[in-house]
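What follows is a short report on a single structure.
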Amino acid sequence: MKASLIAVVMALFLGGCAKTWDGVKEDSSKIWKDTKETIHEATE
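For the sequence shown, the residue numbers in the numbering used here are 3 to 46.
Shown next, in the form of structure tokens:
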């Protein structure tokens with residue numbers, strides 16, 4: 003479970019548009035939201 007969550011987060015981060023600081027912030031925000039949703043779904 004933990005490994006799959008890490009894989010999802012890394013895929014989102016590496017696939018994002020983190021070329022600029024704004025891109026990094028947007029990617030981080032999206033990753034955080036997706037991570038929270040994934041954890042919520044896993045704990046239901």
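Glycine included, C-beta positions come from ideal geometry on N, C-alpha and C. Computed from a predicted structure; not experimentally measured.
Cα atoms of His42 and Lys27: separation of roughly 22 Å, rounded to the nearest angstrom. Going by beta carbons, Leu14 and Asp29 fall inside the 9 Å limit. Only residues of its own chain outside the window of five on either side were considered, and among them Ile33 and Thr37 have a CB closer than 7 Å to the CB of Val11, listed in chain order. DSSP, read as helix, strand or coil, puts Thr40 in helix.
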